[in-house]
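Anchor point for the sequence shown: position 273 equals 336 in the working numbering, and the numbering is continuous, going up by one each time. For each residue, glycine too, the CB sits at the ideal point set by N, CA and C. Below is one structure, written out as structure tokens; the observations come after it.
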Amino acid sequence: MPRSKKGKRGAASSKGSLRQEVLLLQLSAKTALPRPGKNGGKGGSGASDDELASEVLSHYSSASESASVLDDGTGEVVDEQTAQEETEDKLKQCIDNIMDKSVKTRLAALESLRLAFSSRVLYDFLLERRLTIGDCLERSLKKGGGEEQAAAATLCALLCIQLGGGFEGEEGFKVFRPLLSSILTDSCASLSARQSCARALGMCCYVSASDNAEDLLKCMGHLESVFVGAYPLGNGGLPTVKAGTPALHSAALQSWALLGTLCPASHINNIVSHHLPLLQACLESSEVNFRIAVGETIALLYELAREVDEEFEYEECDVLCENLKRLATDGNKHRAKNDRRKQRSIFREVLHYIESEDFSEEKVRFGVEVLYLDGWMRRRIYDAFKEVLESGVSHHLQVNPLLRDIFGLGAPLILDTSVKATRISRTERVDNHAHTIKHAGKKAEYQKVAASMVEKLKSMRYHGGYFDRTEKLHRLCTEQGWFSCQGAYDLDQCEAFHSINPYMNRESRILFSTWNLDHRIEKKRTILPTLVNALQGKRSGDINIEYFYQLLFTSKNLKLVHIVCHKKGAHDLTCDPGQVYKRAKTN
């Protein structure tokens with residue numbers, strides 16, 4: 064795995080498998096999942112560019128992850144290693160295609176790799192190929208057209224995120240920095256390429272050179288040389304720039320602000336005193352996105368200055384606040400409605416922070432975890448990763464050690480499957496069981512009960528704490544991550560004393576995916592039929608929903624068992640008739 068960044072501020076598996084039971088916690092019968100797509104076999108040079116891009120995207124979709132062990136519905140176990148090898152073959156073909164003579168082929172390859180790098184952590188695969196990929200990207204940056212340079216620059220940033228903040232990332236940054244800087248500062252280069260290079264330079268430097276003050280200040284200098292083009296002229300007026308340039312200025316300013324979060328305290332005062340008045344003047348820009356970037360940067364500079372000196376005061380604070388108030392209430396109908404709404408929201412936050420030093424904390428949910436953004440610096444860092452990783456940022460927050468270190472999230476949890484996918488699947492399964500009920504009234508009442516349980520399941524975060532070794536109250540494992548088999552449904556303990564620690568290595572996680580959460584009182588044969596029968600002549604409000612919820616979804620009726628201890632025959636346990644209905648209130 065990548066080295067830690069120091070000094071810086073198969074979703075569902077087979078029938079009965081652990082992840083399907085833990086993460087889906089279905090209310091209805093299990094259904095077999097389709098096998099992963101096999102189109103194309105192992106990649107050869109005969110595949111078209113579009114097919115290759117499509118296959119890589121399908122393998123690396125951020126909507127859901129491949130399970131470690133899959134069942135195709137026939138009982139045949141599909142080895143994850145086979146699927147992984149096929150995918151790696153496609154990626155190798157993409158890497159080869161970056162050097163192809165055809166521009167279309169090169170662009171398709173770069174896009175395929177971008178999708179793969181942004182939606183999955185590929186450290187082991189990339190470690191031994193980093194020099195080859197680096198050479199390919201260097202060639203694209205030097206000889207490619209504007210579109211190819213822009214795509215290659217983005218891939219440079221993603222490669223640094225994949226390799227982390229250790230030696231390998233620093234090695235790549237040394238190669239990329241002069242090329243990215245050269246394109247960024249070349250006024251004749253494509254605006255889209257320069258904009259992409261601005262974001263890439265900031266991200267690569269942030270990830271790979273945070274401890275090198277010289278590289279940090281050089282990169283900030285290159286970025287500054289670009290966005291100062293938006294600063295006021297000698298007469299106090301703002302310069303007139305051609306279309307597309309404000310987007311470049313915004314990208315350079317935001318990357319500069321990102322690196323500012325790493326800037327030595329000795330430089331903060333000079334940066335703030337020089338740039339704050341000039342940025343204040345840029346609030347008069349006619350470009351809404353640039354104005355917003357300026358406003359956020361002003362707030363970030365305030366935060367940096369206050370960290371260095373709690374008594375920090377800006378001489379022109381009153382004038383600045385007046386400008387911010389005007390922008391926070393801007394009703395200029397010449398601006399688009401959405402632009403006005405977005406601008407007002409951002410500038411209200413900036414004004415509130417400057418006046419009261421209070422930041423409205425944001426929560427970013429990913430999987431079963433939450434990331435708290437409690438300041439302008441932390442928000443800028445998160446936004447920078449989101450700009451590069453796009454929809455893949457949630458997956459990287461879950462499993463990429465670099466991001467988890469930067470945001471102080473601790474070691475990756477096992478539960479890395481898309482929560483969105485599990486929510487959809489869970490709802491579909493509830494509906495599927497409702498379809499087996501023919502009586503319309505009983506079906507409607509069943510759906511009310513099911514909806515109530517699903518809402519509670521959401522509020523309990525899907526009981527993900529069972530498999531989180533940091534969750535002291537609910538975990539089914541030791542503090543170190545050891546899980547013990549609880550024995551067959553009719554035994555008090557495992558007679559073979561099975562145990563496993565999936566936190567130790569990948570092989571253990573693959574084996575752990577064959578363990579099961581087994582209902583002592585069976586879900587399909589007993590619990591759901593009892594619930595449906597209980598609704599005969601009754602309303603959902605009469606049902607003891609908490610009792611059925613605990614049977615279906617909690618460790619009160621679920622046992623974690625090794626595959627050998629999982630008895631698949633009918634269980635001879637029934638629901639407690641005295642618990643089916645709510646007890647009548649007595650006066």
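Practice task
Buried or exposed for residue 479, please, with buried defined as at least 16 other CB atoms from any protein chain shown within 10 angstroms of its CB.
Solution key: Taking the first residue of the sequence shown as 1, we reach residue 479 at position 416. Unreliable positioning characterises residue 479 in this predicted model, as indicated by a pLDDT of 43, which lies under 50. The coordinate reading is nonetheless provided below. Residue 479 should be labelled buried.
Practice task
Ignore the nearest five residues each way along the sequence and tell me which others in residue 415's own chain have a CB closer than 7 Å to its CB.
Solution key: For the purposes of this step, residue 415 is taken as residue 352 along the sequence shown, with counting starting at 1. Contacts found: 421.
Problem - Short Cβ contact (8 Å threshold) for residue 295 with residue 344 - result: In the sequence shown, counting from the first residue as 1, residue 295 sits at position 232. In the sequence shown, counting from the first residue as 1, residue 344 sits at position 281. Against a cut-off of 8 Å, the Cβ pair of residue 344 and residue 295 comes out as a contact.
Practice task
Taking residue 206 as part of the alpha helix (DSSP H), name the residues at either end of that continuous run.
Solution key: By one-based count along the sequence shown, residue 206 stands at place 143. Segment 193-206, the alpha helix (DSSP H) holding residue 206.
Problem - Buried versus exposed call for residue 635 [16 or more other C-beta atoms within 10 Å across all chains shown] - result: Start at 1 with the first residue of the sequence shown, and residue 635 comes out as number 572. Residue 635 comes out exposed.
Practice task
Run the CB neighbour count on residue 653, radius 10 Å, all protein chains shown included, and call it buried at 16 or more, exposed below.
Solution key: The displayed coordinates of the chain run from 64 to 650. Any statement about residue 653 would go beyond what the structure contains.
Handout entry: Identity of the residue in 209, 620, 213, 152 nearest residue 189 by Cα
Key = The sequence position of residue 189 within the sequence shown is 126, counting from 1. Of the listed residues, the one whose Cα sits closest to residue 189 is 152.
Handout entry: Contact belief for residue 551 with residue 624 at Cβ below 8 Å, rounded distance in angstroms
Key = Numbered from its first residue, the sequence shown carries residue 551 at position 488. Numbered from its first residue, the sequence shown carries residue 624 at position 561. Rounded, the Cβ-Cβ distance is 7 Å, consistent with contact.
Handout entry: Among 161, 198, 157, 194, the one whose alpha carbon lies nearest that of residue 179
Key = On the sequence shown, residue 179 is found 116 positions in, with the first residue counted as 1. Residue 157 holds the alpha-carbon nearest to the alpha-carbon of residue 179 among 161, 198, 157, 194.
Exercise for the section: Express the C-alpha separation of residue 245 and residue 460 in angstroms, rounding to a whole number. Expected result: For the purposes of this step, residue 460 is identified with residue 397 of the sequence shown, where counting begins at 1. For the purposes of this step, residue 245 is identified with residue 182 of the sequence shown, where counting begins at 1. Near 31 Å, if we compare the C-alpha coordinates of residue 245 and residue 460.
Problem - Coil, strand or helix - residue 431 by DSSP - result: In the sequence shown, counting from the first residue as 1, residue 431 sits at position 368. Looking at residue 431 - three-state DSSP - the assignment turns out to be coil, as it is neither helix nor strand.
Exercise for the section: Note down, one range per segment and in chain order, each alpha helix (DSSP H) of at least 4 residues found wholly within the segment 359-414. Expected result: Taken in chain order, the complete alpha helix (DSSP H) segments of 4 or more residues contained in the segment 359-414 are 380-391.
Exercise for the section: Assign residue 410 to buried or exposed, taking buried as 16 or more other Cβ atoms, counted over all protein chains shown, within 10 Å of its Cβ. Expected result: Taking the first residue of the sequence shown as position 1, residue 410 is located at position 347. Result: buried.
Practice task
Buried or exposed for residue 390, please, with buried defined as at least 16 other CB atoms from any protein chain shown within 10 angstroms of its CB.
Solution key: Start at 1 with the first residue of the sequence shown, and residue 390 comes out as number 327. That one is buried.
Exercise for the section: Assign residue 640 to one of two classes, buried (16 or more other C-beta atoms within 10 Å of its C-beta) or exposed (fewer than that). Expected result: Position 577 of the sequence shown, counted from the first residue, corresponds to residue 640. Exposed, by the Cβ-count rule.
Problem - Assigned secondary structure, residue 639 (DSSP; H/G/I helix, E/B strand, else coil) - result: Residue numbering aside, residue 639 sits at position 576 when the sequence shown is read from its first letter. DSSP places residue 639 in coil when its eight states are reduced to three.
Exercise for the section: Tell me whether residue 542 is buried or exposed, calling it buried when 16 or more other Cβ atoms sit within 10 Å of its Cβ. Expected result: Here residue 542 is taken as the residue at index 479 of the sequence shown, counted from 1. Looking at its Cβ environment, which holds fewer than 16 other Cβ atoms inside 10 Å, residue 542 is exposed.
Practice task
Say whether the segment 194-211 touches the segment 419-436, bearing in mind that this needs 3 or more beta-carbon pairs closer than 8 Å, one atom from each stretch.
Solution key: They do not touch, by the three-pair rule.
Problem - Simplified DSSP state of residue 606, which is helix, strand or coil - result: Locating residue 606 in the sequence shown gives position 543, counting from the first residue. Correct three-state label for residue 606: strand.
Exercise for the section: Taking residue 235 and residue 193 to be in contact with their CB atoms under 8 Å, please state how far apart those CB atoms are, rounded to whole angstroms. Expected result: Along the sequence shown, read from residue 1 onward, the residue named residue 235 stands at position 172. Along the sequence shown, read from residue 1 onward, the residue named residue 193 stands at position 130. Between residue 193 and residue 235 the Cβ distance is about 6 Å, and since that is below 8 Å, they are a contact.
Practice task
Could you have a look at residue 579 and say whether DSSP puts it in helix, strand or coil?
Solution key: In the sequence shown, counting from the first residue as 1, residue 579 sits at position 516. Reduced to three states, the DSSP call for residue 579 is strand.
Handout entry: Selection from 454, 419, 443, 406 that minimises the alpha carbon distance to residue 428
Key = The residue you call residue 428 lines up with position 365 of the sequence shown. Ranking the options by Cα distance to residue 428, first place goes to 454.
Handout entry: Check whether residue 220 and residue 282 have beta carbons under 8 Å apart
Key = Walking along the sequence shown from the start, residue 220 turns up at place 157. Walking along the sequence shown from the start, residue 282 turns up at place 219. Against a cut-off of 8 Å, the Cβ pair of residue 282 and residue 220 comes out as no contact.
Exercise for the section: Could you pull out every unbroken alpha helix (DSSP H) segment of at least 4 residues lying fully inside the segment 523-594, listed in chain order? Expected result: 569-575
Problem - Exposure label - residue 166; buried when at least 16 CB within 10 Å - result: Taking the sequence shown and counting its residues from 1, the one referred to as residue 166 is at position 103. With fewer than 16 other Cβ atoms within 10 Å, it is exposed.
Problem - Extent of the continuous beta strand (DSSP E) to which residue 622 belongs - result: Here residue 622 refers to the residue found at position 559 when the sequence shown is read from its first residue. Residue 622 -> beta strand (DSSP E) spans 621-624.
Handout entry: At least 3 beta-carbon pairs within less than 8 Å: the segment 564-576 vs the segment 597-609
Key = no
Problem - Proximity to residue 224 [Cα-Cα], best of 250, 215, 256, 269 - result: On the sequence shown, residue 224 is found 161 positions in, with the first residue counted as 1. Relative to residue 224, the option among 250, 215, 256, 269 whose CA is nearest is 269.
Practice task
Determine the direct distance from the alpha carbon of residue 254 to that of residue 354, and round the result to whole angstroms.
Solution key: Taking the sequence shown and counting its residues from 1, one reaches residue 354 at position 291. Taking the sequence shown and counting its residues from 1, one reaches residue 254 at position 191. Using only the alpha carbons, I get a separation of about 19 Å.
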